[in-house]
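Undergrad: Residue numbers (the numbering used here), protein chains in the order written: chain A, 3 to 412; chain B, 2 to 1026. Glycine included, C-beta positions come from ideal geometry on N, C-alpha and C.
1) At 8 Å on the CB atoms, spell out the chain A contacts of residue 903/B, in chain order.
2) With a threshold of 8 Å, establish whether the CB of residue 486/B neighbours any heavy atom of the ligand ZN.
3) Going by CA-CA distance only, name the one from 146/B, 354/B, 106/B, 911/B that's closest to residue 185/B.
4) Locate the beta strand (DSSP E) running through residue 945/B, then write down its first and last residues.
5) Counting along the chain, where does the alpha helix (DSSP H) carrying residue 581/B start and finish?
6) Going along the chain, which residues of its own chain have a beta-carbon closer than 6 Å to the beta-carbon of residue 89/B, five neighbours each way excluded?
7) On a CA-only basis, which of 3/B, 533/B, 22/B is nearest residue 128/B? Give me that one, please.
8) Quick one: is residue 1007/B near chain A, going by C-beta distance under 9 Å?
9) Taking the alpha-carbon of residue 470/B as reference, which of 445/B, 229/B, 271/B, 497/B has the nearest alpha-carbon?
10) Quick check: is the beta carbon of residue 398/A nearer than 9 Å to any beta carbon in chain B?
11) Would you list the one or two residues that DSSP bridges to residue 522/B?
12) Touching or not, the stretch 346 to 357 of chain A and the stretch 303 to 310 of chain A, by the rule of three or more beta carbon pairs under 8 Å?
13) Excluding sequence positions up to five away, which residues of its chain have a Cβ less than 7 Å from the Cβ of residue 97/A?
14) Which chain A residues sit within Cβ distance under 7 Å of residue 752/B?
15) Which residues in chain B sit within 9 Å of residue 42/A, going by Cβ to Cβ distance?
16) Express the C-alpha separation of residue 476/B and residue 850/B in angstroms, rounding to a whole number.
17) Have a look at residue 300/A and residue 315/A and give me their C-alpha separation to the nearest angstrom.
18) What residues match up with residue 814/B in a beta bridge as DSSP calls it?
19) Rounded to whole angstroms, what is the Cα-Cα separation between residue 348/A and residue 291/A?
20) Which term fits residue 20/B, buried or exposed, when burial requires 16 or more other beta carbons within 10 angstroms of its beta carbon?
21) Give, in chain order, every residue of the stretch 332 to 351 of chain A whose Cβ lies closer than 7 Å to some Cβ of chain B.
22) Output needed in chain order: residues of the stretch 730 to 750 of chain B with a Cβ under 9 Å from some Cβ in chain A.
23) Which ranges would you report for the beta strand (DSSP E) in the stretch 170 to 216 of chain A if only whole runs of at least 3 residues count?
24) Given a threshold of 16 other Cβ atoms within 10 Å of its Cβ, counted over all protein chains shown, does residue 237/A qualify as buried or as exposed?
25) In whole angstroms, what is the alpha-carbon distance linking residue 981/B and residue 777/B?
26) Would you identify the three-state DSSP class for residue 1019/B, choosing helix, strand or coil?
27) Between 925/B, 792/B, 994/B, which lies nearest to residue 967/B when the distance is taken from Cα to Cα?
28) Counting only Cβ pairs nearer than 8 Å, list the residues of chain B close to residue 241/A.
29) Going straight from the alpha carbon of residue 284/B to that of residue 230/B, what length do you get?
30) Can you tell which of 175/A, 324/A, 359/A, 396/A has the C-alpha that lies nearest to the C-alpha of residue 409/A?
31) Residue 277/B: which of 182/B, 177/B, 168/B, 388/B sits nearest, CA to CA?
32) From the beta carbon of residue 935/B, is the nearest beta carbon of chain A less than 9 Å away?
33) Hey, residue 57/A and residue 106/A: beta-carbon distance below 9 Å or not?
34) Do residue 101/B and residue 297/B have their CB atoms nearer than 9 Å?
35) Beta strand (DSSP E) containing residue 301/A: first to last residue?
36) Residues in its own chain within less than 6 Å of residue 858/B by CB, not counting five upstream and five downstream?
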């Protein structure tokens, strides 16, 4: 039985081998010849390739930069000639089109076609611009880039000409650009004056979008400031307005709106105050309240790091002459008022009155209150201030009055 | 039974239309249902968190809603399922009661009472836990079948019981697991007891031995049932278990009211103990007496356990029983729910005996018919009273913000491709689920906290970001992290329904986009990239997905076929059906029954005594509540009440505490209050107050109130002295004088430059045209350095907007070690002006914040501190840094008018007066303090928020302690700084080539140590005009 099995096995193997060998013997080498001679086309024109081959079933593989496809042969009767017509999108994309003729899963022939964009039919001028804002003066520039394409969205070949229109106020300028590496570009330099430069590209058949370059003023140059106030008193109430003149760049352009100008105020006591304003038509305004004590201010304005102004000084005079005071020893009450301003008017509501109390050992304490109809009263209670002699200093808006050895009774 | 059904459907059917949408959970289930309605077989949901799997919750109810929603919309589905739930519950109680009491009358009463049972009403109308209700209802339907299987051993009952159990499993996973323990085990015990009873003459004759023999007789059936049940629990929702194993719940437990000590936190006690038990509390002795009779012994034990577990954190026992872990994950109110359901049959039995049974006879003969009627009226009143109170509870104490019209938000998200970014709703309550169900847009937040994945969320005990203000530092801390680095999450839009969050948004660099027509404020962050087209998700095996989508509804189908079929068969059979075996254990409680008078008397004495004690406790509670809250009986109370009234902006109440003899009128007070605005007045919530009475006589007192206020930005402590007077037995507060300061001008004129950005000029859904995309403003980093402060690494620097348009600026810093490995990345948060006018300068500081409490051993502070900062833990030592600054054209929040009108530095104390000459009210002014060394090199940046706003043409004085830190310079290399992706060095060379650096120093004030200080102001406008 063992021998039987071996026989069956061997004969089986032989049978298999036999079947695999025989078809190879039947195979013939097939050939094909390209009949079409044209190898360059303009996109959109019909393309058809003809071959002469004895192969029964043939296909054409076409591939370009965008993809690959298989085309079936168009039936021709009787002859060995076959024809393939290449349809969209392969006939409408410019560039190299590779083709391979296949017969029975074998490549018979291959080749390539050149498809060229239709330069007479520029359908679209895609345009880009950046940056949109540049500084005046002729150094800064914006790049205008054009991507011209034909009706099939193919880029155009080098040296194709495009005309570029540039407009500034009522002047306009036309020049010709040539396409290089599918695009065409131009650096548009800024003008000396601020304003808008309009740029557009044209061809015979179409135009691009209008692009706008905003030419802003260049960096600010030193400027002058001034101030305005309703009175000269240090009343901690009225407002002083600080103002620049029209700030310009070195080409005499007004600097852009909303530029922040920082007004820095140095007081004669060494403090540094700040207020700021944004420019409108080159002028910045800022406001600050009058100080609560007579002071001399030196003001300078800055567009920090870029430009500064001349210094100006502002003087504030005392807002009151005298501080009437009544000390009622029996109820330990210090009545202050009426506090009148320079016109004899009652001081504004809420003016701060401070009272500095100094005892014999030299310990001090400061109390503050706000005026109501020009009056203020301090009640100095026994619990806090034991009987004895104190010196009091009352100050209102930087004006002060001293009362020495005031006796606090028990 | 039929009556109960009708009443139930009518009562709850009406009720749910008003309550269900306002419940805690219902909208979450609706959101899940929406998910299934649109993607039935998709286990991954991108809408919440950064994507999560819906296999974290049994799907049956959601899928049922989803199927029904195909007929009439999501809400129709939800209401239908809710009504089905009500029907199932009532019928379930009837069958369960019939099983327990073996008396159709008692069971009928039980069913009627179940309709109004306060625990059921609470679960449905306040919590909205549909799956839980359906789960427990089906479980009750299942119980008689299990009993029948055990007693008769017929395969039919085996099948019916298991089919029903499978439905339970698919609708709620916790119910069958604990239901096994608390319902099925006692039931088995009862079955065994009945088996034993049938072998001996009387109940008394059942000895332990008899019981044991009966037990072994039924053991086979028990085991068969037990293992099959276990198998069902595992396989029916296998994907859920797989998911739980793969994504174990590692998050910090979220506090839940049911775990509180009910005596300390009375509101939790009310919601999780008093309301669910309701009138049942009065009848507790009866239930325990009945359930501890021999037949129900095991139910008695189970009821005891449920009652104890339901008490939450009041006693340490539940924690001991469950263990720490389970205690912190489970919500314990469900035990109370089951407990109250378990006693329903006996409640029905009691009602039957009381209304028409032997108790009526007993009471009428013993104490007279009138007493019986009064008692009945009292019980009925209390019972219905609790129910009505419960169903309307959400009106008295709203648990949710008022319903928000979602349509404007949905439209906003659909417009202009806003759905391409994530959004974050704030102050929406559980309605965020309803919003998510209506839109495809995604949020970083979510409402199913077990599914959270981001460490920023899971390490903190916050349910949602949306309500983070209620979660103190953890909530605000988490929220801040999301708002500071929104690019990481593609978070661009915030819908704010609560102005509390507005200051955080502003100071973190967000801007207002405008009010929607439903009153929701939309905030936007500029320069956030949209979400990628492809997003990651967990891969789940196909068979689990199929199981998840098919099994749940299949179980319903199978259960339906099997059970309905048996009912049909029964009905078709012409002969009268045989009574099921449990009906033979009926006890006669009818009016003519001969029950022991003595025992009844004894029981009633106990019941009266117990009832008396319960009522006393209740009265005591109310009285102490009154004492604590009587406002004017002591000086301390009146101060506290006054602050409380101010806190809640109840101005008329606050005014009522003012001395009636003072000359301040209500109008004057209202006006004074109305004109003050600021962090403290408009955005603060009173956290704690300590009142000390410094002086007290019979009629006068001086009090000092030290209050701490929570604001979105920081904790504010205030100290205020108040004068108090007593007039005719009541204490009053003496009102204070108003601010006297008068602005100089009546009408203010200011000229200002305004900006508006069209976005896209052509109305098209195509991509924005190239020429409509604004150029990013050019910024220049003037200085930047990496410094080390007390082991933390910080980047400080200065930026100028060197362009001609206003810029919105965000600064991202990254730290690198020696080998240039990235260590940490963070954005500048509060310490910078995010909006810069052309040529404006801001200082900035980047602190590298870590995720708080990522280590389990770190303790979460008990008190709130929004200012708390968790430094990041770095893997290496930073030696270098880079900065990415990005600018976008800004056109809002450009108010820069506030001026420094006086300034003085004395002994490291800065006193300055801010003056606002403009036309806008600076609600929250912020001072940015930059410290420099002698060579004008920037050393440190800090900030300070003013408590009060600065109104137009008014000033505000503030005195703050300087807080300069000792810093150590690590690197001041400015090589790796990029602005809008371009190198900063190039920009510096090109834009302002001849920069006068000395001009930066002129605003600096010399300090005593030789260094310098610069003060900048950044103001948040609460109501820009």
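TA: Reading off the structure:
1) 273, 275, 293, 294
2) For the ligand ZN, the structure offers nothing, since it holds no ligand at all.
3) 146/B
4) 939 to 946
5) Premise fails: residue 581/B is in no alpha helix (DSSP H) and is neither H nor E.
6) 138
7) 22/B
8) yes
9) 497/B
10) no
11) 497/B, 516/B
12) no
13) 66, 67, 117
14) 282
15) Under the 9 Å cutoff, chain B gives no residues; its nearest Cβ is about 35 Å from residue 42/A.
16) 15 Å
17) 4 Å
18) 827/B, 884/B
19) 19 Å
20) buried
21) 350, 351
22) 738, 740, 741, 742, 743, 744, 745, 746
23) 173 to 180, 186 to 191, 197 to 204
24) buried
25) 7 Å
26) strand
27) 792/B
28) 745, 746, 918, 954
29) 34 Å
30) 359/A
31) 388/B
32) no
33) yes
34) yes
35) 298 to 305
36) Here residue 858/B scores only 43 on pLDDT, less than 50, and its place in the model should not be relied on; the value that follows carries that caveat. Around residue 858/B: no qualifying Cβ.
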